[in-house]
Amino acid sequence: MERNTDVTALPYRPKLPLLVFFRGARHVLKMDALGLEILKIAFPAALALAADPVASLIDTAFIGHLGAVQLAAVGVSIAIFNQASRITIYPLVSITTSFVAEEDTLEKLSAEANKYMLGESANNNGIHKTETKNRLVPTGSELDNLEKGSAASAERGMNLEKEIQASGATTFDNNKKNKPGKRHIPSASTAMVFGTVLGLIQAILLILAAKPLLSIMGVKADSPLLPFALKYLIIRSIGAPAVLLSLSLQGIFRGFKDTTTPLYATIAGDVLNIILDAILIFLCKLGVSGAAIAHVLSQYLIFFILLWVLMKQVDLVPPSFKTLQYRKFCTNGIYLMTRVVAVTFCVTLATSLAARMGPITMAAFQVCLQVWLMSSLLADGLAVAGQAILACAFTAGDLDKVTATACRVLQMSFVFGLGLTLAVGAGLYFGATVFTKDANVLHLIHIAVPFVAGTQAINSISFVFDGVNYGAADFKYAAYSMVVVAVCSVASLFCLSKTNGFIGLWIALAIYMALRTLAGVWRMGTGTGPWRFLRLSKM
668 MERNTDVTAL PYRPKLPLLV FFRGARHVLK MDALGLEILK IAFPAALALA
718 ADPVASLIDT AFIGHLGAVQ LAAVGVSIAI FNQASRITIY PLVSITTSFV
768 AEEDTLEKLS AEANKYMLGE SANNNGIHKT ETKNRLVPTG SELDNLEKGS
818 AASAERGMNL EKEIQASGAT TFDNNKKNKP GKRHIPSAST AMVFGTVLGL
868 IQAILLILAA KPLLSIMGVK ADSPLLPFAL KYLIIRSIGA PAVLLSLSLQ
918 GIFRGFKDTT TPLYATIAGD VLNIILDAIL IFLCKLGVSG AAIAHVLSQY
968 LIFFILLWVL MKQVDLVPPS FKTLQYRKFC TNGIYLMTRV VAVTFCVTLA
1018 TSLAARMGPI TMAAFQVCLQ VWLMSSLLAD GLAVAGQAIL ACAFTAGDLD
1068 KVTATACRVL QMSFVFGLGL TLAVGAGLYF GATVFTKDAN VLHLIHIAVP
1118 FVAGTQAINS ISFVFDGVNY GAADFKYAAY SMVVVAVCSV ASLFCLSKTN
1168 GFIGLWIALA IYMALRTLAG VWRMGTGTGP WRFLRLSKM
């Protein structure tokens, strides 16, 4: 299929880039080729994201039967482990997805270039050599247009010919060394290296610093929680390498636009976790240690399943360590790590301020916060789809597909968010008794329902904008804009919590998500950065 890399030939070119968000809005639910491609990636990804929280709830239910002390102890340990993992997981997975998608696209173009060089393309497909060459390698005028369009696209376009020529000269030779049918994706190998190193570092640090970390969380030496929390955290930390590696592998599969394989692996691991919970906790009488062992074994199962499948497709041993993308991963990883810290700080501060308002307020806030975040994160499936498709389209110079994909996933996220508004609003208002029977807590939950439910559309768009930014390799802007958003949000949290208490917290969180969404709208809507090509008028 011939790709259109000439930005002046695109069928739609708004003079005001802000209007691009309404492009094809009436077809938002149309199941055309693009809609089906998005859903094929997004639906399994959303199910995989939902599978783990469901398994965690079941896991919590098993531990809850051991007693309130054990449940509280495990809750503290899980909070520490998750906080430590979050800082490394999100940057690693996001970067891996984008870079693997880009290199996989170049690999495919390189393979086609090899066929052309060997004369196979013309013989097998009946395509004129000149046409094939022009399709695979952008012409000078196309590169000029890309350069006018956007810095990111221009850089990709200008390097595309060199990369194809370089790979065209080496891919055929490398394929002789590699097993038939296997691909070599440098970012996949790099992600595995980073996942291993970061996983081992995290495991060692958590094991050695388990007591001090628990003390910081309020579990002192004389606390009845300490023995149980210490056992669980140390054993759970042994699984840190598996967690980082399995999520690195998920990022690789996402880059290949394959979210079904990670879904199956996640379900298999979660089922094993549930089965082992029942056996180790109650039958073997291992208590919280049994729960931790079950979780660790399930994570290693997920890792080995994904690794086994990937090894059939990709040669993970690089022909040379010089081909690994260490600098690219580190540079962009720092940007995304900064973003994660900013995001985490805002939510953590809101929780801290709620805790200072007393146990009733904190209980209501915790229930609302978990519902607020979990429901909105379901939109991450669309974010994954947008990121993978955009990374491939940008690399291939298909700016028409770039625009169409970005608009479609954002529009779909808005519609999805409206649906969540109705579901969360009704569910939380009438089903709050599932979480608590306390009348005072229920009263506060009901007060917060308009904020928790009413912001779902904004939240969904915000999360999908993350995928759009990552797909455009706009990591620097994603980090810097989040820091600015965090500064404004922290100020609003302090001011509004003092003047309006519990409601003030939710007003501030609504402002926080609105600012995150505005940052995405500003970048794409003003046609800056990788979206500069949107400002070009049709010639």
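Plus 667 on top of the position in the sequence shown (first one is 1) and you've got the numbering used here.
Positions of the beta carbon are idealized from the N, C-alpha and C atoms, including for glycine.
In this text the structure is predicted, and so the values were computed from the model without any measurement.
- Nearest neighbour of Y899 by Cα position, chosen from A1115, G954, Q966, K849, turns out to be G954.
- Per DSSP, the continuous alpha helix (DSSP H) segment holding M978 begins and ends at 954–980.
- Per the Cβ contact rule, the stretch 1157–1177 is not in contact with the stretch 1065–1084 (fewer than 3 Cβ pairs under 8 Å).
- DSSP, read as helix, strand or coil, puts R690 in coil.
- Distance from the Cα of T1072 is smallest, within the candidate group E704, I948, S744, A1115, for E704.
- For the pair V1038 and V1131, the CB atoms are not nearer than the 9 Å cut-off.
- Rounded to whole angstroms, L1201 and M1191 show a C-alpha spacing of 8 Å.
- Put simply, the backbone Cα of A728 is about 20 Å away from that of L897.
- With fewer than 16 other beta carbons inside 10 angstroms of its own, S1019 counts as exposed.
- Distance check between V1135 and each of G1053, D937, G1171 places G1053 closest, using alpha-carbon atoms only.
- In the structure shown, R1023 falls within a coil segment according to DSSP collapsed to helix, strand and coil.
- Restricted to the stretch 858–906, the alpha helix (DSSP H) segments that are unbroken, complete and at least 4 residues in length are 877–883, 893–905, listed in chain order.
- Per the Cβ contact rule, the stretch 1151–1160 is not in contact with the stretch 1103–1112 (fewer than 3 Cβ pairs under 8 Å).
- A straight line joining the alpha-carbon of Y1137 with that of A932 spans about 25 Å.
- Annotation for A1090: the continuous alpha helix (DSSP H) segment containing it runs 1066–1098.
- For D937, the enclosing alpha helix (DSSP H) stretches over residues 927–944.
- Between the alpha carbons of A909 and A751 lies a gap of roughly 14 Å.
- Of the candidates L1040, L1109, V687, the residue whose Cα lies closest to the Cα of A1031 is L1109.
- Cβ-Cβ distances below 7 Å link T1122 to A1177, M1180 in the same chain, with the five nearest sequence neighbours on each side left out; the list follows chain order.
- Per DSSP, the unbroken alpha helix (DSSP H) holding V1157 starts and ends at 1142–1192.
- For L759, the closest of L914, S1127, K775 by C-alpha to C-alpha distance is L914.
- Contact between G1094 and A1046 is absent: CB atoms are separated by about 17 Å, not below the 8 Å threshold.
- Of the candidates A746, F1012, C997, V984, the residue whose Cα lies closest to the Cα of I883 is A746.
- Taking C-beta atoms as the reference points, L1044 and A1146 fail to come closer than 9 Å.
- The shortest CA-to-CA distance from Q869 to any of L892, G906, P894 is the one to G906.
- Taking one beta carbon from each stretch, the stretch 1055–1066 and the stretch 1006–1022 have fewer than 3 pairs nearer than 8 Å; the two do not touch.
- Counting the other Cβ atoms within 10 Å of the Cβ of V1151 gives fewer than 16, which makes it exposed.
- Less than 9 Å divides the Cβ of A740 from the Cβ of F895.
- With a 10 Å radius around the Cβ and a threshold of 16 neighbouring Cβ atoms, H962 comes out buried.
- A contact between stretches requires three or more CB pairs, one per stretch, nearer than 8 Å, and the stretch 1003–1016 fails this requirement with the stretch 944–953.
- Cβ contact annotation for I1114 (same chain, cutoff 6 Å, sequence separation greater than five): none.
- For the pair G936 and L974, the CB atoms are not nearer than the 9 Å cut-off.
- Judged by their CB atoms, V1188 and F688 are nearer to each other than the 9 Å cut-off.
- About 15 Å separates the Cβ atoms of V767 and A712, ruling out a contact at the 8 Å cut-off.
- Per DSSP, P1117 is one residue of the alpha helix (DSSP H) stretching across 1106–1121.
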